[in-house]
Structures are given as structure tokens and as C-alpha cells.
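Enquirer: Mind looking over this structure? Questions follow.
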Amino acid sequence: MNPNSPDTHDPPDAFERRSRELLRVSAEALDARALSRLNQARHAAVAALDAGARPFRVPGRWLPAGALAGAAALALAVWIAKPVAGPSAALADAMVAEDVEMLASNDGPELYADDADFYEWAGSDPAAAAGGEG
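Residue numbers for the sequence shown follow this note's numbering, beginning at 846 and rising by one.
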């Protein structure tokens, strides 16, 4: 038996003693009619258990089968939902190839051709070149 289990007979602490005392006092305060109804309910429950009316529980032989069916359903769902490489992967590869080609070329970007004066002016600003604010 585990020494840390709640089944051990340690001396009750103050909370447990107080709880037991309140339960005992409340049980003594019940009238005869309530005690009779509780006694009848207890006997009815014991008779139902003796007659075989037990609460639902999963039989031992069905538990492994249910676990296997659940694992198979989960595996099927993951397999079906797995993304498939389609045209989007080929398109992304083509875009990367174009970017690398543009970076590797010695030609200047085409965007400078639109407003060359602006880029020349921006490159010659001494405050921006020094890292200061303009």
C-alpha cells in the first residue's frame, strides 16, 4: 500500500475534524420522515445492484477494438488532409529562379529608368549619407 495514499489512517487534521462534526450534527438534526426516505433509497439502490442493474461501462474486450478504430480514423484523417505539392510549388520555384537571375545580372534595375534625376538627388543628399535626419 502506498504510504502517500489517502487510505492511510493518519490523524485527522482540523478541516477533516470540523467536516466530520458538521456532518454528524446535520445527520442528527434530520427528522424521522427524511431518515425513512434515505433508508428506503439506500435499500432500493442495493436491491438494484443485486438484481444486476449496473451502470454502463465499456466491456474489457471492446476497449482495444475501440482504441484501434479511433487510431485508424485519426490516421485516415491525417492522410487525407496531407497537402499535396501542386502547381503552386512549381510557380514558387519559378519565381525564386527569376529573383536569383535578376540579382545575378549586371544590368541595373528597370525602376531607375523612370525617374533617374530623383535617384541621383537622393544619392547625393549629404544628411542621408551621414545617417542624420533631413
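Glycine included, each C-beta is placed from N, C-alpha and C at the ideal position.
Specify, as a first and last residue, the run of the alpha helix (DSSP H) that P909 falls within.
Expert: That run of the alpha helix (DSSP H) goes W907 to A926.
Enquirer: Please classify S950: does DSSP put it in a helix, a strand, or coil?
Expert: Three-state result, S950: coil.
Enquirer: How would you write the range of the alpha helix (DSSP H) that S969 sits in, first residue to last?
Expert: S969 -> no alpha helix (DSSP H), and no H or E assigned at all.
Enquirer: Quick one: what does DSSP say D959 is sitting in, helix, strand or coil?
Expert: Coil.
Enquirer: Need the endpoints of the alpha helix (DSSP H) that A893 sits in, please.
Expert: Segment A877 to D895, the alpha helix (DSSP H) holding A893.
Enquirer: Look at the Cβ atom of L875, then the Cβ atom of L883, and state whether they are nearer than 9 Å.
Expert: Yes, they are a contact pair.
Enquirer: Starting from the C-beta of F963, find all residues in its chain whose C-beta is less than 6 Å away, skip the five residues before and the five after it, and write them out in chain order.
Expert: Closer than 6 Å at Cβ, skipping near neighbours: no residue.
Enquirer: How big is the Cα-Cα spacing for P909 and G915?
Expert: Cα-Cα distance, rounded: 10 Å.
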